[in-house]
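Engineer:
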Amino acid sequence: MVGAAVALSAVAIPKPLAIDEESYLWLGRSLSFGDPYGWARAWPGGDGFLFAHPPLHLWWMHLLSPLGALPLMRLAALPWVALWAAASALWIRRTCHHPEVAAVAWLGSTTVVLGLQDSVMIDLPYVALFTASLAAFREGLTDRRARWMLAAGVAFGLAVETKYPAAALAVVFALHSVRSGFAPAFWAPALAIVGGTEAWLYAQYGQWHPAVVWGTRDLIPRGPLAGRVLGALARGALLPAVPSLLLTRPVHAAVGLGLAVATLAWARPGHLEVSGVVFLLVCATLGGMAFSRSAAGLFASPMRRRKGDRDDSLLLGGAVVVTFVGVMALHNFASARYLLPAATPLAILLARSAEDVNAGKRVQLLVSSLAGLLAFALALADWQFCAAGETAAANALASPEATKPGYFLGEWSGRATLEAAGWTRATDVRAIPAGSRVIVLGNSGGAVPGSWQPLEVLEASGGVPLRVVDVRDNIGLYAETLGVLPFGLNGRALETAVIYEVAW
Numbered sequence: 484m485v486g487a488a489v490a491l492s493a494v495a496i497p498k499p500l501a502i503d504e505e506s507y508l509w510l511g512r513s514l515s516f517g518d519p520y521g522w523a524r525a526w527p528g529g530d531g532f533l534f535a536h537p538p539l540h541l542w543w544m545h546l547l548s549p550l551g552a553l554p555l556m557r558l559a560a561l562p563w564v565a566l567w568a569a570a571s572a573l574w575i576r577r578t579c580h581h582p583e584v585a586a587v588a589w590l591g592s593t594t595v596v597l598g599l600q601d602s603v604m605i606d607l608p609y610v611a612l613f614t615a616s617l618a619a620f621r622e623g624l625t626d627r628r629a630r631w632m633l634a635a636g637v638a639f640g641l642a643v644e645t646k647y648p649a650a651a652l653a654v655v656f657a658l659h660s661v662r663s664g665f666a667p668a669f670w671a672p673a674l675a676i677v678g679g680t681e682a683w684l685y686a687q688y689g690q691w692h693p694a695v696v697w698g699t700r701d702l703i704p705r706g707p708l709a710g711r712v713l714g715a716l717a718r719g720a721l722l723p724a725v726p727s728l729l730l731t732r733p734v735h736a737a738v739g740l741g742l743a744v745a746t747l748a749w750a751r752p753g754h755l756e757v758s759g760v761v762f763l764l765v766c767a768t769l770g771g772m773a774f775s776r777s778a779a780g781l782f783a784s785p786m787r788r789r790k791g792d793r794d795d796s797l798l799l800g801g802a803v804v805v806t807f808v809g810v811m812a813l814h815n816f817a818s819a820r821y822l823l824p825a826a827t828p829l830a831i832l833l834a835r836s837a838e839d840v841n842a843g844k845r846v847q848l849l850v851s852s853l854a855g856l857l858a859f860a861l862a863l864a865d866w867q868f869c870a871a872g873e874t875a876a877a878n879a880l881a882s883p884e885a886t887k888p889g890y891f892l893g894e895w896s897g898r899a900t901l902e903a904a905g906w907t908r909a910t911d912v913r914a915i916p917a918g919s920r921v922i923v924l925g926n927s928g929g930a931v932p933g934s935w936q937p938l939e940v941l942e943a944s945g946g947v948p949l950r951v952v953d954v955r956d957n958i959g960l961y962a963e964t965l966g967v968l969p970f971g972l973n974g975r976a977l978e979t980a981v982i983y984e985v986a987w
């Protein structure tokens, strides 16, 4: 399992810049260890200290910055891949009668495959530490050795200082601590790491960073709550092979459908054809099934385990539930990658469900294999979308209408190409002088004033017709604010770059 995960990540070493990897590379070059927020960049909503994450990943990127090239930085991230896979394999091997069922479900998940391939993103070290803390905590509950609890506490503290949503897992650990009465070795290192880091940040900046992040959360574009709930459920369909629950635990299909229908009625997503609504309903139902199965684990009686093992259903179900609730309530939008921490616990829960019914193992393996084919296809679609940003920007730069640097609107790989050519990302559209040239990237540039004059439209076409982002068709794997559908099909250009002349 570890070897397969490392191979999946290594295959993507040549992949173009993905999602926000360009921003993390820039930040790593621009900060110092003693001043992790001492940089100034056009970040949506405000200045550097509004950056919504603690400093651990920033320090990691700064440590890697001397490597320079993206492929080398992806190679250096492979230890995080190994940690995530090893922690998952340990938990699976210890608690599943048929560990291969859970392993195939995990490896066949689109969320996992994309997480393994976008290895410069903050989500990879976060999920590695998150999963390691859970797996080590479970080992500590089983053999009662303080070293496992100590390791779990260290991993949990580091996870919180990578992404604050990990702190919600403290509720699950606290409930288990009350049940088992064995956790001082866990809480001491966890609190020391979190408390020490936050105290240091306060000494540096005179503000409590979590309070600043929470108080300024609305300055960063934020989707409505109903949209985030629907987006999280729809993207939950890309977690380990949930459709197997139709056979192994059919009651969760009914609950999932009910959650999907209620959320669709609440969110009322617009600009969708009937086929899009049906597809969204199916995806949200699958995500609702995953949530229902995990929530049931919070109240489950101890299930069959190998001799000497304790019940960990609360640990499994709680990890998935806090992940879903965290995306819905705490994040500014719902992204498939935000659900990564749920992948390992859900794979184990699905494998255990399959153990309880006739033919359950074969059904789970079949569904996981089919899900793996989808994961491969979506990984290819994501790869071509990442390349399309660079291509569209390069095509715009080659146009006679872009003879000298001006301004641009947009993010991701297109931003890196345009900034390298001397163009400036506009943070205040109204401040752009009349007569200036502006390049607007189609999927991330947003709306432009109606008075601007379009001069030329450049496209990046080709590839398979599977799409992970296309705002024109309401497709947005990265965020429901881009598009409510997690993926879709169309034959249009992957990305566009429109050159405008500013007129007021």
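Residues in the sequence shown are numbered consecutively from 484, following the working numbering.
Quick reminder that beta carbons are idealized off the backbone N, C-alpha and C, glycines included.
Quantities reported herein were computed from a predicted structural model and do not represent experimental measurements.
(1) According to DSSP, is GLY971 helix, strand or coil?
(2) So what does THR907 bridge to, in DSSP terms?
(3) Would you kindly report the start and end of the unbroken alpha helix (DSSP H) that includes TYR507?
(4) Please report the residue range of the beta strand (DSSP E) in which GLN936 lies.
(5) Is it buried or exposed, ARG776, if we count other Cβ atoms within 10 angstroms and call 16 or more buried?
(6) Suppose the cutoff is 7 Å on Cβ atoms and the five residues either side in sequence are ignored; what does the same chain contact list for THR862 look like?
(7) According to DSSP, simplified to helix, strand and coil, what is VAL804?
(8) Return the chain-ordered list of same chain residues with a C-beta closer than 7 Å to the C-beta of TRP543, the five sequence neighbours on each side being excluded.
(9) Alpha carbons only, please: which of ALA572, PHE516 and ASN878 is nearest the one belonging to ALA619?
(10) What would DSSP say about ILE922, mapped onto helix, strand or coil?
(11) Confirm, please, whether the CB-CB distance from ALA568 to MET484 is below 7 Å.
(12) Quick check on the DSSP output: what are the complete beta strand (DSSP E) runs of length 3 or more inside the segment 839-892, in order along the chain?
(13) Can you find at least 3 beta carbon pairs, one from the segment 847-858 and one from the segment 635-654, that sit closer than 8 Å?
(14) Tell me which residues share the same chain as SER513 and place their Cβ nearer than 7 Å to its Cβ, disregarding the 5 neighbours each side in the sequence.
(15) Considering just the uninterrupted stretch of the beta strand (DSSP E) at VAL981, what are its terminal residues?
(16) Considering only DSSP beta bridges, list what THR949 is partnered with.
(17) Determine whether the beta carbon atoms of ARG621 and LEU833 lie at a separation below 7 Å.
(18) Looking only at DSSP bridge pairs, what is ASP518 linked to?
(19) Which word fits VAL654, buried or exposed, when buried means at least 16 other C-beta atoms lie within 10 angstroms of its C-beta?
(20) On the three-state DSSP scale, how would you describe GLY959?
(21) Starting from ASP701, trace the alpha helix (DSSP H) both ways and give me its first and last residue.
(22) Go through its chain and collect everything with a Cβ distance to LEU722's Cβ below 7 Å, but skip five positions before and after it.
(23) Could you check if ARG718 is buried or exposed, using at least 16 other CB atoms within 10 Å of its CB as the buried criterion?
(24) Would you tell me roughly how many angstroms separate the C-alpha atoms of GLY897 and LEU853, rounded to the nearest one?
(25) What would DSSP say about PRO497, mapped onto helix, strand or coil?
(26) Nearest-angstrom Cα distance between ALA501 and MET604?
(27) For the candidate residues LEU968, ALA487, THR979 and ARG908, whose alpha-carbon lies nearest to that of ALA817?
(28) Can you tell which of ASP503, GLU504, PRO538 and TYR983 has the C-alpha that lies nearest to the C-alpha of PHE516?
(29) Rounded to the nearest angstrom, what separates ALA686 and PRO693 at their Cα positions?
(30) Roughly how many angstroms lie between the CA atoms of ARG627 and GLY678, to the nearest whole one?
(31) Which same chain residues end up closer than 6 Å to ASP956 when comparing Cβ atoms and leaving out the 5 residues on each side of it in sequence?
(32) Distance check for LEU813 and GLU942, CA to CA, integer angstroms please.
(33) Using 8 Å as the threshold, is the segment 980-987 in touch with the segment 864-880, meaning 3 or more CB pairs across them?
(34) Out of ALA666, GLY809, ALA819 and ALA909, which has the shortest C-alpha to C-alpha gap to CYS766?
(35) Output the distance between the C-alpha atoms of HIS581 and PHE613, rounded to the nearest integer angstrom.
(36) For my contact list, GLY771 and GLY739 are in at a C-beta cut-off of 8 Å; report their separation, rounded to the angstrom.
Structural biologist: A quick look at the data gives this:
(1) DSSP, read as helix, strand or coil, puts GLY971 in strand.
(2) TYR890
(3) 504-513
(4) 936-943
(5) buried
(6) According to the sequence shown, residue 862 is Ala rather than Thr. Excluding its 5 nearest sequence neighbours in each direction, ALA862 has C-beta neighbours in its own chain below 7 Å: VAL596, LEU597 and GLN600, listed in chain order.
(7) helix
(8) PRO608
(9) ALA572
(10) strand
(11) yes
(12) 890-892
(13) Cβ pair count under 8 Å is below three, so no.
(14) TRP522
(15) 978-984
(16) Before going further, note that residue 949 is Leu rather than Thr in the sequence given. Bridge partners of LEU949: LEU972.
(17) In this structure, LEU833 does not lie closer than 7 Å to ARG621 by Cβ.
(18) SER515
(19) exposed
(20) Correct three-state label for GLY959: strand.
(21) Per DSSP, ASP701 belongs to no alpha helix (DSSP H) and is neither H nor E.
(22) SER592, THR594, ALA773, LEU822, ALA825, ALA826 and LEU829
(23) buried
(24) Whole-angstrom Cα-Cα distance: 33 Å.
(25) coil
(26) 8 Å
(27) LEU968
(28) PRO538
(29) 14 Å
(30) 26 Å
(31) Residues GLY971 and ASN973 of the same chain have their beta carbon placed closer than 6 Å to that of ASP956, with the five preceding and five following residues left out of the count.
(32) A straight line joining the alpha-carbon of GLU942 with that of LEU813 spans about 36 Å.
(33) yes
(34) Cα-wise, what sits closest to CYS766 is ALA819.
(35) 24 Å
(36) 3 Å
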